[in-house]
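Chemist: Just dropping this structure here.
Residue numbers (our numbering): 112 to 564.
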């Protein structure tokens, strides 16, 4: 039986041990503030595929072909695993992981933004309305005063060759587990291992033909383990209950990232005619002298050379290296900026409607002002009624909303003094047509109207 002093000593030692385990680094930022916990410094997010990316970048560049232009679409979480207390079990940033994976290839591929183009679309709209400047003046036409807005000649957005889409499709908990737990006389220990897995399905699509060039389905198992020991027994009239242990698990989201990265490598190998197996095999990849972590970022980023067609596949055009667009002299090229003059006869104006609304937006009202000015000068105009391509309705609902929008535009034009006889509808989809008529990045065409001379 322990003496009172012995029991107190054991309790004190256990308490000190717990305090020592709980100690974490902290730093006092200001004298009147409590210290805040400070952990490790941020670092690059390395994965087991770093060597493979360096190998791929080198292998692609050794082909001496123009870099392939690749865009990224939606890579969603399709597992459906969600908790009301913890949210989604799987990352919602699959597309961002694909972008980061492409970035590890450095100049071996051209990454083209198609996932979030809202800022670019807004600036192009400002440019079209002559509202975007760069602090300088520009010559638009010979013999006319310089203007403070940036002239736009069109064609500044470089087309992509392929895009990658897909989703995270599997999350299976505890597909296998094993272990043991032993206790004798209130003293025992345990050890348990468990395995789960994630699955990813990706595809790479030819942007021009929409033909799926290759599909890939990958899964990765994640392993965790738990060990522990404990004492649960009476010493005299006192109960002692001590438990120690640890639990470790491979990070779930890192497993998703690693699986997506391997999918990107295999998809790009298919369109660049590179053998991915040589790079994904560590033994083979380690023989590549530049295949070190982030080696792709040190790859040659020189200007692409003129393109060529290979096996009938479309390749990206070279990035222009001429004088910047804003400083171009239209009098030498014979070109006039698209936003240089008035609408002119038959000029087209895009009128954008917000999701599910027939109210005229500020952008549409600005276009109507321009149309009314042209109509007063006896010019004709074409009106392109558009909405976001995420707006999907049943055919009858779609037709009803379109009619409301046409009515709103017609009334607005009449209010600007345009005779009703000059306003008409020139195109409408069939009443049973529920398809999306793509119109530029992120939009769909819902109807066209015209104001005649």
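Backbone N, C-alpha and C fix where the C-beta goes; we use that ideal spot for every residue, glycine too.
#1: Mind checking residue 170: buried by the 16 CB within 10 Å criterion, or exposed?
#2: List the DSSP bridge partners of residue 313.
#3: Output the distance between the C-alpha atoms of residue 206 and residue 527, rounded to the nearest integer angstrom.
#4: Looking only at its own chain, which residues have a Cβ that is under 8 Å from the Cβ of residue 208, when we skip the five neighbours before and after it?
#5: Is the beta carbon of residue 524 sitting closer than 8 Å to the one on residue 562?
#6: Any chance the region 226–235 sits against the region 302–322, with 3 or more Cβ pairs inside 8 Å?
#7: How big is the Cα-Cα spacing for residue 492 and residue 232?
#8: Go ahead and pull the three-state DSSP assignment for residue 506.
#9: Using beta-carbon positions only, say whether residue 391 and residue 212 come within less than 8 Å of one another.
#10: Check whether the Cβ atoms of residue 557 and residue 498 lie closer than 8 Å to each other.
#11: Exposed or buried, residue 466, counting other C-beta atoms within 10 Å across all chains shown (16 or more means buried)?
#12: Quick one: Cα of residue 550 to Cα of residue 258, how far?
#13: In whole angstroms, what separates the C-alpha of residue 287 from that of residue 364?
#14: Using the C-alpha atoms, what's the distance from residue 160 back to residue 149?
#15: So, for residue 276: in the same chain, excluding its five sequence neighbours on each side, which residues have a beta-carbon less than 7 Å away from its beta-carbon?
#16: Does DSSP put residue 419 in a helix, in a strand, or in coil?
#17: Within the same chain, show all residues whose beta-carbon is closer than 6 Å to that of residue 513, passing over the 5 residues directly before and after it, in chain order.
#18: Taking all protein chains shown into account, decide if residue 268 is buried (16 or more other Cβ within 10 angstroms of its Cβ) or exposed.
#19: What is the DSSP secondary structure of residue 464, counted as helix, strand or coil?
#20: Can you say whether residue 140 is buried or exposed, counting buried as having 16 or more other CB atoms within 10 angstroms of its CB?
#21: Relative to the alpha-carbon of residue 151, which residue among 517, 539, 450, 137 has its alpha-carbon at the smallest distance?
#22: DSSP three-state call for residue 386: helix, strand or coil?
#23: Nearest CA to the CA of residue 450: which residue from 204, 144, 250?
#24: Provide the residue span of the beta strand (DSSP E) that contains residue 559, from first to last.
#25: Let's test the definition: count the other Cβ atoms within 10 Å of the Cβ of residue 157 and tell me whether it reaches 16, buried, or not, exposed.
#26: Under 8 Å between the Cβ atoms of residue 375 and residue 356?
#27: Over the uninterrupted beta strand (DSSP E) stretch that includes residue 247, give me the two end residues.
#28: Report all residues from its chain with a CB closer than 6 Å to the CB of residue 535; omit the five preceding and five following residues, and keep chain order.
#29: Could you compute how far the alpha carbon of residue 303 sits from the alpha carbon of residue 220?
#30: Check residue 229 in the structure and name its three-state DSSP category.
#31: Do you know how far the Cα of residue 555 is from the Cα of residue 548?
#32: From residue 407 to residue 165, what does the alpha carbon distance come to, in whole angstroms?
#33: Within 10 Å of its beta-carbon, does residue 510 have 16 or more other beta-carbons around it, so buried, or fewer, so exposed?
#34: Quick one: Cα of residue 485 to Cα of residue 325, how far?
#35: Should residue 155 and residue 282 be called a contact, given that it needs their Cβ atoms to be closer than 8 Å?
Modeler: Put simply:
#1: With 16 or more Cβ atoms within 10 Å of its Cβ, residue 170 is classed as buried.
#2: Residue 313 pairs with 277, 327.
#3: If you take the alpha carbons of residue 206 and residue 527, they lie about 45 Å apart.
#4: Only 186, 202, 367, 368, 371, 372 meet the Cβ criterion.
#5: Yes, these two residues count as a Cβ contact at 8 Å.
#6: Contact fails between the region 226–235 and the region 302–322, because fewer than three Cβ pairs, one in each stretch, are under 8 Å apart.
#7: In this structure, the straight-line span from the alpha carbon of residue 492 to that of residue 232 is close to 22 Å.
#8: Helix.
#9: No Cβ-Cβ contact shorter than 8 Å links residue 391 with residue 212.
#10: In contact: residue 557 and residue 498 (Cβ atoms closer than 8 Å).
#11: Counting the other Cβ atoms within 10 Å of the Cβ of residue 466 gives fewer than 16, which makes it exposed.
#12: Spanning the two alpha carbons is a distance of roughly 30 Å.
#13: Their backbone Cα atoms lie some 20 Å apart in a straight line.
#14: Take the alpha-carbon of residue 149 and the one of residue 160: they are about 29 Å apart.
#15: Counting only Cβ-Cβ distances below 7 Å, and skipping sequence neighbours, we find 184, 185, 186, 314, 316.
#16: Residue confidence for residue 419 is low, a pLDDT of 40 falling below 50, so the modelled location carries little weight; the figure read from the coordinates is stated next. Coil.
#17: The residues are 557, 558.
#18: Looking at its Cβ environment, which holds fewer than 16 other Cβ atoms inside 10 Å, residue 268 is exposed.
#19: Residue 464: strand per DSSP, three-state reduction.
#20: It is exposed - the Cβ of residue 140 has fewer than 16 other Cβ atoms within 10 Å.
#21: Of 517, 539, 450, 137, the residue nearest in Cα terms is 137.
#22: DSSP places residue 386 in the coil class of the three-state scheme, outside both helix and strand.
#23: Comparing Cα positions, the closest option is 250.
#24: Counting along the chain, the beta strand (DSSP E) containing residue 559 begins and ends at 554–562.
#25: For residue 157, the number of other beta carbons within 10 angstroms of its own is below 16, and it is reported as exposed.
#26: Not a contact, by the Cβ cut-off of 8 Å.
#27: Residue 247 -> beta strand (DSSP E) spans 244–249.
#28: Answer for residue 535: 561, listed in chain order.
#29: Rounded to whole angstroms, residue 303 to residue 220 spans 45 Å at the Cα level.
#30: Correct three-state label for residue 229: helix.
#31: When rounded, the distance between both Cα atoms is 5 Å.
#32: In this predicted model, residue 407 has a pLDDT of only 42, less than 50, meaning its place in the structure is not dependable enough to derive any value.
#33: So residue 510 counts as buried.
#34: The C-alpha of residue 485 lies about 50 Å from the C-alpha of residue 325.
#35: Taking 8 Å as the Cβ cut-off, residue 155 and residue 282 do not qualify as a contacting pair.
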